[in-house]
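Below is one structure, written out as structure tokens; comments come after it.
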Amino acid sequence: MPCVCFYFEVHQPFRLNRFSVFHIGEEIDPFETYFNHKLNREIFERAAKKCYLPATQLFLDISDEFGKDFKVSFSLTGTFMEHCDAFAPQVLDNFKELFRRGNADLIGETYYHSLCSLFDDLSEFRDQVNLHIKTLMERFGCRPKVFRNTEAIFDNRIAKEVEKMGFRGIITEGTEKILGWRSPNYLYRAKDTNLKVLLRNYRLSDDIAFRFSARDWVGFPLTADKFASWIASCEGQVVNIFMDFETFGEHQWPETGIFEFLRHLPAEILRFENNRFVTVSEVVDMFEPVGEIDVPFAISWADTERDVSTWLGNDMQIACFNELKEVGRKLKEKGDERLLKIWRLLQTSDHLYYLSTKGFADGDVHKYFNPYSTPYEGFINYMNILQDLKQRL
Amino acid sequence: MKIAMIGWEYPPFKVGGLGTHCYYLTRSLAKLGVKIDFFAPKVSRGERKSDLENLRIIDVGETAIYPYGTETKTIDGDFFTAVEKFNKLCYEKVNGKYELIHCHDWLTAQAGIMLKEKLGIPLVLTIHSTEYDRSANLNPNPWFIDIERNAMEKADRIIAVSHYTKRIIVERYGIDENKIRVVHNGVNPIGEHGEKKKIVLYLGRLTMQKGVEFFLRAAKKVLEKEDCSFVVAGSGDMLPQLIHLSIALGIADKVMFTGPLTEDEVKHIYRISSVYVLPSVSEPFGITALEAISAGTPVIISKSSGVAEALRNCLTADFWDVNEMANKIVALLRYDALRKTLKENAKKELRFLTWDRAARKTLEVYREVVS
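Next up, the structure:
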């Protein structure tokens, strides 16, 4: 009869403006010109209205009813928090209130939700993680104990670095690629570290995130009591249910009944004796690892491949990633704070995600937010901007 | 199943997608077991023989007829007399036991209508282009529109080469969408060979419909940023005008007008080009885009085209948006990774755009009316 740990990723990128080759090298303000502030506002306000506000409010209501018996964890990216400041401060206030009441725990990550953990030199990674910790300290007074890299990208090298930075736990995907026959419902130790690894139970997580409204799925319709009974029947220490926060109201529309499901879930889960909600920090305090995981090549929780091919799967993505690294090298020599910030905003993994040419089946979730009609359009735009930034150095 | 198909062009004698379509469609249909008698105007040059048992090519008429011989749209010219004569002769010559008549565009529509009545069998009409396309929406000629509408109304099923064309048929001609089926064209792959040069290619007829003017205006912009050559391959009534435009834009030294090309020259130019642009004002399909891809050349296609809906691995632009067209040409010339990814994925996509698939879908339409 395990504990259940709900964790939600909350992220918005700074989407780009249309930037033609004819704009490269023109006299412009890069921050104002590269980023589509109008589109970012529209998307954020829509997401706030459909997801962030109703979902956080629902959690506050549940908190009124269940007090500290109800707990969840969040990772709020730096770019998300900046969007909150600019477009909907109430959203962040709701998160703060959940944290203040002890219903929410916070998770560390790269401030820019970037792929800098895959750079050869990890100094940029450390900078971005420290920036995120600093922001959480300032805004919430919270120093995160558990780390979740961008889209759960994980390998032995990243684990070592994260341990060095003082984290006690790390989140990644509970894929058979690293587990083999073993269960994701236990803690493991990352190879050659004392870092505890929390593994996403992708079946149960995706039952909500992807399959909730799928009429051709045998589990349809998914009700709170049904889901709670599935969790109760799990063996292990902790069932980790991790997903995008936008599942509520954005990926799964309100009409699907997702909010009603969420509203009734805590009561149904707590109905089972010994079932309890735990945060990620509690998990690393409560349990000891039962084994080791060894991940020489990076995994993630994305797509069916569960690797980094979602962002670095084709030549266009690799060309842009190399260009990002190249710009970084030049930028660090120059030391221009304003351009450094822009470079980091351009590192957000979404920009590379949009260039993925993998099949529609995998691309569906992000298609909703993808501002480009094709990955090729995305590449031209992103690459033109990188070229412009490079020329400024 | 035995059918009579009335065509206008048939390789090696062709000027556009219609001839290519009929050639590959009839051959693939014949392989599917459909017996086809294909009626086409007799031509003085080039021999047209079928090597397939199920397919017979039957010449109609005695005089040479040159399709699209004039773009002047005068109704009393030789061309229109020839069309009328051909349709009448078809009406007289097509006899016997057929299960349906299949005709193509306004050129053969009248024979189709008359034969439907004479033989009492269903009529299938394929629309490869409408008067609205050919006129680039500038002063479409009501005489053609009437012929087209009449045939569309009489046909038991209409095959549109794209949803783009289907929309025109429904919206402009007021035809019931329930009798329209969309069958995308296929391509007979050209194959890659030799080395690519920094050439940006347009290939097709030089008419208002094709938007070549926008191609030249984009070329002017591209040349501000990149050194490359532009090739305009094909012939048509706008050739003098386009040459003048290239001079006026000051890019005459970078633009080559080839005139009409032989089949081998067409293959060669596709193969050595780095970018193919289809800038049409209104393009029912656009087989050339698929041909370019099959020769390893990435394409930029007009959003006002049928092929834009059939292909995912391509770049698109509005035909009038020369800045965007130029942006994408420069990007393709500059960014190797873009060219490579686009080329590889587009070639994979061609596996779904074959004539065998088009024939199977056409046969499904036949079965709907013959039952």
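Protein chains in written order, with our numbering: chain A, 6 to 398; chain B, 5 to 375. Backbone N, C-alpha and C define an ideal beta-carbon position, used for all residues, glycine too. Computed from a prediction, not measured in an experiment: that's the story for all the values here.
- Collapsing the DSSP output to three states places A:N386 in a helix.
- Listed in chain order, the positions of the region 350-362 of chain B with a beta carbon within less than 7 Å of a beta carbon of chain A would be empty, since no residue qualifies.
- Residues of the region 302-315 of chain A with a C-beta atom less than 8 Å from some C-beta of chain B do not occur.
- Scanning chain A for C-beta atoms nearer than 7 Å to the C-beta of B:V47 yields nothing, as the closest lies near 42 Å away.
- Note on geometry: alpha-carbon atoms of A:R397 and B:E328 lie some 24 Å from one another.
- Of all residues in the region 12-26 of chain A, those with a C-beta nearer than 7 Å to a C-beta of chain B are S25, V26, reading in chain order.
- B:R316 is not bridged by DSSP to any residue.
- With a contact defined as Cβ atoms closer than 8 Å, B:F323 and B:P283 qualify at about 5 Å.
- Taking C-beta separations shorter than 6 Å and ignoring five residues to either side along the sequence, the partners of B:C318 in its chain run V303, I305, following chain order.
- Listed along the chain, the chain B residues whose CB falls inside 7 Å of the CB of A:I138 amount to none; the nearest CB is some 35 Å away.
- Across the structure, B:E230 and A:T362 are spaced so that their CA atoms are roughly 27 Å apart.
- Here the alpha carbon of B:E181 sits roughly 14 Å from the alpha carbon of B:V187.
- Here B:S133 is not near B:G310, since their CB atoms are 7 Å or more apart.
- Contacts with chain A at 7 Å (Cβ-Cβ) include B:L346.
- Between B:S298 and B:P193, the CB-CB gap stays under 7 Å.
- Cβ-Cβ distances below 6 Å link A:Y57 to V96 in the same chain, with the five nearest sequence neighbours on each side left out; the list follows chain order.
- Counted as a single uninterrupted DSSP element, the alpha helix (DSSP H) harbouring B:T292 occupies residues 291-298.
- At a cut-off of 7 Å, the C-beta of B:V374 has no neighbouring C-beta in chain A.
- In chain A, no part has a C-beta under 9 Å from the C-beta of B:Y280; the shortest such distance is about 14 Å.
- In this structure A:F92 touches A:F49 by the C-beta definition: roughly 5 Å separates them, less than 8 Å.
- From the listed residues A:E342, A:R349, A:K337, A:Y381, the smallest Cα separation to B:E348 is found for A:Y381.
- Taking the Cβ atoms as the reference, B:M9 lies roughly 7 Å from B:T30, within the contact range of under 8 Å.
- A:Y116 and A:F217 have their C-alpha atoms some 30 Å from each other.
- With respect to the 7 Å criterion, A:K201 and A:N161 are not classified as neighbours on the basis of their beta carbons.
- Within 8 Å of the CB of A:I33, no CB atom of chain B is found; the nearest one sits about 16 Å away.
- When C-beta atoms of the region 148-163 of chain B are compared with those of the region 116-135 of chain B, three or more pairs fall below 8 Å, so the two segments count as touching.
- Taking 8 Å as the cut-off between beta carbons, the residues of the region 320-342 of chain B near chain A are T320, N327, E328, A330, N331, K332, V334, A335, R338, Y339, D340, A341, L342, in sequence order.
- For A:M142, none of the residues of chain B pass the 9 Å Cβ criterion, the least Cβ distance being about 40 Å.
- Residue state for A:E31 is assigned as coil, using DSSP reduced to three classes.
- For A:Y359, no CB of chain B lies under 7 Å from its own CB, so it is not counted at the interface with that chain.
- Chain order gives no chain B residues near A:F326, where near means a beta carbon separation below 9 Å; the closest approach is about 11 Å.
- Contacts with chain A (Cβ-Cβ distance below 8 Å) from the region 89-112 of chain B involve no residue at all.
- Fully enclosed beta strand (DSSP E) runs of no fewer than 3 residues occupy 174-178, 193-195, 201-205 of the region 169-234 of chain A, in order along the chain.
- Between the alpha carbons of A:W306 and A:W316 lies a gap of roughly 12 Å.
- Counting only runs of at least 3 residues, the region 97-146 of chain A fully encloses the following beta strand (DSSP E) elements, listed from N- to C-terminal order: 109-111.
- Against B:R316, the close residues of chain A are T379, in the order they occur along the chain (beta-carbon pairs closer than 8 Å).
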